[in-house]
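Enquirer: When you number the sequence shown by the numbering used here, it's gap-free, plus one each residue, and the end is 282.
Ideal Cβ positions, reconstructed from N, Cα and C, are used throughout, including at glycine.
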Amino acid sequence: MLWGVTTVEVRVSSAWLRLREPADAAARSLDLARKAVQAQTGEGRTVVHDLGCGSGSMGRWLAPHLAGPQHWVLHDRDPDLLRVAANDPPCSADGSAVTVETRRGDLTRLGPDDLAGATLISASALLDMLTAAELERFAASCVAAAVPALVTLSVTGRVRLTPSDPLDRALGSAFNRHQRRTVGGRTLLGPVAARAAVDAFGELGARVEVRPSPWRLDAGCPSLTRDWLAGWVGAAVEQRPELAAAARAYLARRRDEIEHGGLTVTVQHLDLLALPRRSRP
């Protein structure tokens, strides 16, 4: 069985994941991370199953908040990203040993047996790539594992650019529709995924907490801002080709603002922590 986010090949470059890693780290909720760590049960080493691990940034962020020995099981469909993640493993809070195992396969076929032995489940920037049925299966497998599940950086579809531009609204709307497109017969959840996950986990009896985890892009990260902007506008134009001419002029204006440190962007996300009922708060 192959793990992965989709049955249609959508490759994400390790360069992009590295570029966004500092923004991801700054955005994720430390409060939920601490609660996830405290809610673990049992003795011995922590075993984290990181689903859709990419280049391993979630482990590098979360592991330093965990004391004692750890074992990370990294799941992804992309063998190149798995190699990157394995070659840059996380470090523990107290210098204890951290071991890493990689598993390649299809996340859409996730089952409870795949999470056997976990004391904690993590995922990041994942849910929007799932369909409604796949999200329900994901939630059911996590709940069946009876351990905390920390899912970070799910997009909400809300983006604010400062200064504003008359084309912001049209591009944002087109981008959000693009995120909910049908790919290979699969209709993606896109920006509604986080709230759908809250409902799915709740219906299965998990206790769910959410926190905002906004990306804040500004003059301190011009390369990331430029790349994010190009992807945001590109997806919007793919959804609405009639915006292409106006979008070219828009990109030129926005790139000039980035060059002169005049553009700030807030990209809203939600972090979610699903706790089994037996966990202490």
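For the structure I just gave you, are there three or more beta carbon pairs, one from the stretch 163-174 and one from the stretch 222-230, closer than 8 Å?
Expert: The way I'd put it, the stretch 163-174 doesn't touch the stretch 222-230; fewer than three beta-carbon pairs between them come closer than 8 Å.
Enquirer: Does DSSP put residue 153 in a helix, a strand or coil?
Expert: To locate residue 153, count along the sequence shown from 1; it is residue 152. Residue state for residue 153 is assigned as strand, using DSSP reduced to three classes.
Enquirer: Beta-carbon separation of residue 174 and residue 154 under 7 Å?
Expert: On the sequence shown, residue 174 is found 173 positions in, with the first residue counted as 1. On the sequence shown, residue 154 is found 153 positions in, with the first residue counted as 1. Their beta carbons are not under 7 Å apart, which means residue 174 does not touch residue 154 by this criterion.
Enquirer: So is residue 88 buried or exposed if we call it buried at 16+ other beta carbons inside 10 Å?
Expert: Position 87 of the sequence shown holds residue 88. Exposed, because fewer than 16 other Cβ atoms sit within 10 Å of the Cβ of residue 88.
Enquirer: Among residues of its own chain, excluding the 5 on either side of residue 256, which ones have a beta-carbon nearer than 7 Å to its beta-carbon?
Expert: Within the sequence shown, residue 256 is the residue found at index 255, counting from 1. Excluding sequence neighbours, residue 256 sits near 227.
Enquirer: Taking only runs that begin and end inside the stretch 191-237, name each unbroken alpha helix (DSSP H) of 4 or more residues, in chain order.
Expert: 194-204
Enquirer: Would you check if the stretch 100-114 and the stretch 35-45 touch, i.e. whether three or more CB-CB distances between them fall below 8 Å?
Expert: no
Enquirer: Roughly how many angstroms separate the alpha carbons of residue 157 and residue 218, rounded to a whole number?
Expert: Working through the sequence shown from its first residue, we reach residue 157 at position 156. Working through the sequence shown from its first residue, we reach residue 218 at position 217. One C-alpha to the other measures close to 16 Å.
Enquirer: Three-state secondary structure (DSSP) at residue 58?
Expert: Translated into positions along the sequence shown, residue 58 becomes position 57. Looking at residue 58 - three-state DSSP - the assignment turns out to be helix.
Enquirer: Could you tell me whether the Cβ atoms of residue 123 and residue 49 are closer together than 7 Å?
Expert: On the sequence shown, position 122 is the one that residue 123 refers to. On the sequence shown, position 48 is the one that residue 49 refers to. Contact: yes.
Enquirer: Could you have a look at residue 109 and say whether DSSP puts it in helix, strand or coil?
Expert: Stepping through the sequence shown from its first residue, residue 109 is reached at position 108. Residue 109 falls in the helix class under three-state DSSP.
Enquirer: With H, G and I counted as helix, E and B as strand and the rest as coil, what does DSSP make of residue 13?
Expert: Against the sequence shown, residue 13 aligns to sequence position 12. Coil at residue 13, not helix or strand.
Enquirer: With DSSP as the reference, label residue 269 as helix, strand or coil.
Expert: Along the sequence shown, read from residue 1 onward, the residue named residue 269 stands at position 268. In the structure shown, residue 269 sits in a strand (DSSP, three-state: E or B).
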